[in-house]
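Encoded as structure tokens, the structure appears first; notes follow it.
Protein chains: 2
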Amino acid sequence: MRKNRVLSHVGYRVGVDLMGNENSPEALLAILRVTKLPVGVELVAFGLPEFEKNAGISYVAVKEFISPEDHPLISLRQKRESSLSVGLRQLKAKKLDAFVSAGNTGALVSGAKMILGNLPGILRPALLARMPTKKQPVVVLDVGAVVQVRATHLIQFALLGTAYCKIQGIEKPTVGLLNIGSEPLKGTSELREAYQFLKNMKNPPFHFAGNIEGKSVFDGNVDVLIADGFTGNIFLKTAEGIASLILDRFGTILPRTEFQKIHPQIEDLQRNLHYAEYPGALLVGVQGTVIKCHGYSTPQGFANAVLGAAELALRDFSQQLKIQMDKSVRFRSD
Amino acid sequence: MRKNRVLSHVGYRVGVDLMGNENSPEALLAILRVTKLPVGVELVAFGLPEFEKNAGISYVAVKEFISPEDHPLISLRQKRESSLSVGLRQLKAKKLDAFVSAGNTGALVSGAKMILGNLPGILRPALLARMPTKKQPVVVLDVGAVVQVRATHLIQFALLGTAYCKIQGIEKPTVGLLNIGSEPLKGTSELREAYQFLKNMKNPPFHFAGNIEGKSVFDGNVDVLIADGFTGNIFLKTAEGIASLILDRFGTILPRTEFQKIHPQIEDLQRNLHYAEYPGALLVGVQGTVIKCHGYSTPQGFANAVLGAAELALRDFSQQLKIQMDKSVRFRSD
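Here it is, written out as structure tokens:
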């Protein structure tokens, strides 16, 4: 499985961008040092020189970093030695097997496209997140990479989401479009065009379930939910916000002793709905494994994302996604 | 307050469209007959002739109705004698003081614009819904009237939402834009343009809170949340879906006896988050009081919307909104 390996060691390496998020690099290093990684995986942190001394893990000192307020494209051009850019270049050079960042989303997505390149046939990579439902989790994409989409992008998201599910062992995933009603004419012109294309596709690698409303997603009848990056992001964060509201209300209506008894389960559910605590969002459609954590991830959430990245690295996820996408293209042109 | 009254009776009349939703007209009539209305308010149902005999309330028999699958503009032109069109014409003629429909959203919005006319200066009316937060409820608009917006529409939604809040007694409401991050450059080009306009407006009738993420809305720090109709609708329905998921999970993790003990409070919370049970969405920006219920409203939800309409009629809401909007325009041109 492992080809073109330029490193001398035999293990897998996950790069971690310490910079440009709401946590201090020290806080992130503190939790990363005690995070139990799968056998064969090691971490490489990317950050400013002043944090190297007490890092306690492999460290690449960089000159600068991209902040959340920076303009994505300008900062990529002007800060070529940022933790984000250096990390992505090491991923490209196969010195890393995966890269995790909680930095500037736009810079990470654009940087990954420019440095790693897209998968063949993919115009815009997407951020993919998993959300709980009443049944199995649903894969949602895009949750923030492409804010204004064309129908072609939505169609490619459907293929990327399908490929992801196939790697997870779902033979023929069910795909739906996040929309404001189930009728084919509902929603934006891009959604209507994508609907017609997906519905009429010959031998699709997925079952097409049509339009899905936000209230039905959580019934768990689709494996993949397609949205533009703006809507997908609103969807994700609304779920997080409402979960927090409800659990807050429960704290007031449940007797205190009862609330404490079920507290672990409540926290578990909240974590599930709080994607900052979840393995982060996976950037699919580029040639490499890149995970984006939200800037407000807790250190524990960040560490969970790093563990998620380690799992993906161990399974050669990026190569597997490429194989699945190739199959899906071949399948369609048969 | 009551001008141009053409009816001989002194009370207020709320028109109710029985057609074009998932409930049978009989089921709606059954609940409307037993709904306790405020003193001085009576209902007028609009439906096909076959439901008139056992109606038990004032009834206007119409020839046809617009179904949810009909094309909004074509059906308005071709079905001029539909319950929706006849009801709106009676509202225009001041034979009604408010009109409630759970029918085709596009037809109701377009029909209201054509028949009632927009308020001066308003290009596109918006659907307004109220959502619970950790503090006071937030008013969200648009939740489905304008699927693809320009910045001007978003700005007008801010003024309409502000006027609504002022009528509710909030002197200077706080207004935010639903967005995927708090930075001014986040989101679509329309949002960025609206952001700059609202931020730089002289003597605005509101406090501008900038961009608000879905996860922060429920903290309750804004009174008015602005979104295009697509995003606002996704927001509303996602909240509904996730509430149902969480309460479902609670049913499994709470001991049965405890769950039953707090069941009324849970149902109350769920009703709050389920806008089908809520007073419906209010169409603001037209010359008249129109309430839209979702097609999947339960009969009880529908009756609640009718009660909400009765309250608005009693308070001459439509006239008050016009006064507030006039003030806001004068205020700005001072």
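Protein chains in written order, with our numbering: chain S, 95 to 428; chain D, 95 to 428. Here a beta-carbon is modelled for each residue, glycine too, at the ideal position from N, C-alpha and C.
Is the Cβ of residue i closer than 9 Å to any Cβ of chain D?
| i | result |
| --- | --- |
| Ala333 of chain S | yes |
| Asp428 of chain S | With a pLDDT of only 43 at Asp428 of chain S, under the threshold of 50, the placement of this residue in the model should not be trusted; the figure read from the coordinates follows. No - not a single Cβ of chain D is within 9 Å of the one on Asp428 of chain S. |
| Met113 of chain S | no |
| Val100 of chain S | For Val100 of chain S, the predicted model reports a pLDDT of 45, less than 50, meaning its position is unreliable and no value from the coordinates is stated. |
| Phe344 of chain S | yes |
| Ser310 of chain S | yes |
| Glu144 of chain S | no |
| Thr325 of chain S | yes |
| Phe159 of chain S | no |
| His165 of chain S | yes |
| Val241 of chain S | yes |
| Gln359 of chain S | yes |
| Pro231 of chain S | no |
| Ala196 of chain S | no |
| Ser338 of chain S | yes |
| Thr227 of chain S | yes |
| Leu279 of chain S | yes |
Using a beta-carbon distance below 9 Å, is residue i in contact with chain S?
| i | result |
| --- | --- |
| Thr282 of chain D | yes |
| Ile320 of chain D | no |
| Asp236 of chain D | no |
| Pro119 of chain D | no |
| Phe300 of chain D | no |
| Ile151 of chain D | no |
| Met95 of chain D | Confidence is the limiting factor: at Met95 of chain D the pLDDT is only 41, short of 50, which leaves the residue's position unreliable, though a coordinate-based value still follows. For Met95 of chain D, the answer is no, since every Cβ of chain S falls outside 9 Å of its Cβ. |
| Asp313 of chain D | yes |
| Thr129 of chain D | no |
| Ser204 of chain D | no |
| Leu363 of chain D | yes |
| His386 of chain D | In the sequence on display, residue 386 of chain D carries Lys and not His. Chain S, which has no Cβ nearer than 9 Å to the Cβ of Lys386 of chain D, makes this no. |
| His103 of chain D | Interpretation of His103 of chain D is limited by its pLDDT of 49, a score under 50 that renders its predicted location unreliable; the figure taken from the coordinates is listed afterwards. No - not a single Cβ of chain S is within 9 Å of the one on His103 of chain D. |
| Leu219 of chain D | Checking the sequence, you will find Pro at residue 219 of chain D rather than Leu. Not closer than 9 Å to any Cβ of chain S, the Cβ of Pro219 of chain D fails to qualify, so no. |
| Asp420 of chain D | no |
| Glu287 of chain D | no |
| Phe291 of chain D | no |
What do you get for residue i, buried or exposed, if any count of 16 or more other CB atoms within 10 angstroms of its CB means buried?
| i | result |
| --- | --- |
| Arg107 of chain S | buried |
| Thr351 of chain D | exposed |
| Asn98 of chain D | Bear in mind that the predicted position of Asn98 of chain D carries a pLDDT of just 44, short of 50, making it unreliable; the figure below should be weighed with that in mind. Exposed, since its Cβ has fewer than 16 Cβ neighbours within 10 Å. |
| Glu334 of chain S | buried |
| Gln250 of chain D | buried |
| Leu167 of chain D | exposed |
| Asp342 of chain S | exposed |
| Thr346 of chain S | exposed |
| Arg127 of chain D | exposed |
| Arg218 of chain S | buried |
| Asn294 of chain S | exposed |
| Lys266 of chain D | exposed |
| His357 of chain D | exposed |
Could you tell me whether the Cβ atoms of residue i and residue j are closer together than 9 Å?
| i | j | result |
| --- | --- | --- |
| Phe329 of chain D | Ile306 of chain S | no |
| Lys309 of chain D | Lys309 of chain S | no |
| Pro278 of chain D | Tyr289 of chain D | yes |
| Ala407 of chain S | Thr383 of chain S | yes |
| Ile160 of chain D | Arg183 of chain D | no |
| Ala196 of chain D | Gly374 of chain D | yes |
| Ile264 of chain S | Met419 of chain S | no |
| Leu142 of chain D | Val156 of chain D | yes |
| Val154 of chain D | Val180 of chain D | yes |
| Lys229 of chain D | Asp313 of chain D | yes |
| Val110 of chain D | Val194 of chain D | yes |
| Gly114 of chain S | Leu213 of chain S | no |
| Leu377 of chain D | Val203 of chain D | yes |
| Lys173 of chain D | Glu158 of chain D | yes |
| Leu131 of chain S | Leu401 of chain S | yes |
Contact check, residue i vs residue j under 8 Å by CB: the rounded distance?
| i | j | result |
| --- | --- | --- |
| Leu235 of chain D | Leu254 of chain D | 7 Å |
| Phe396 of chain D | Leu122 of chain D | 6 Å |
| Leu415 of chain D | Thr227 of chain S | 40 Å between Cβ atoms; not a contact. |
| Thr282 of chain S | Gln242 of chain D | 6 Å |
| Thr268 of chain D | Ala303 of chain D | 5 Å |
| Lys386 of chain S | Thr199 of chain S | 6 Å |
| Leu292 of chain D | Ala321 of chain D | Contact doesn't hold; Cβ gap of about 14 Å is too wide. |
Length-filtered (4 minimum) alpha helix (DSSP H) runs lying within the segment 101-132 of chain D: Within the segment 101-132 of chain D, the complete alpha helix (DSSP H) segments of 4 residues or longer fall at 119-128, listed in chain order.
Ranges of the beta strand (DSSP E) found wholly within the segment 175-246 of chain S, counting only runs of at least 3: Taking only runs of at least 3 residues, the beta strand (DSSP E) segments lying wholly in the segment 175-246 of chain S are 192-195, 220-225, 232-235.
Ranges of the alpha helix (DSSP H) found wholly within the segment 268-345 of chain S, counting only runs of at least 4: If we require 4 residues or more, the alpha helix (DSSP H) runs fully inside the segment 268-345 of chain S come out as 283-294, 308-311.
Sequence ranges, alpha helix (DSSP H) only - wholly within the segment 380-422 of chain D, length at least 4: Fully enclosed alpha helix (DSSP H) runs of 4 or longer: 393-408.
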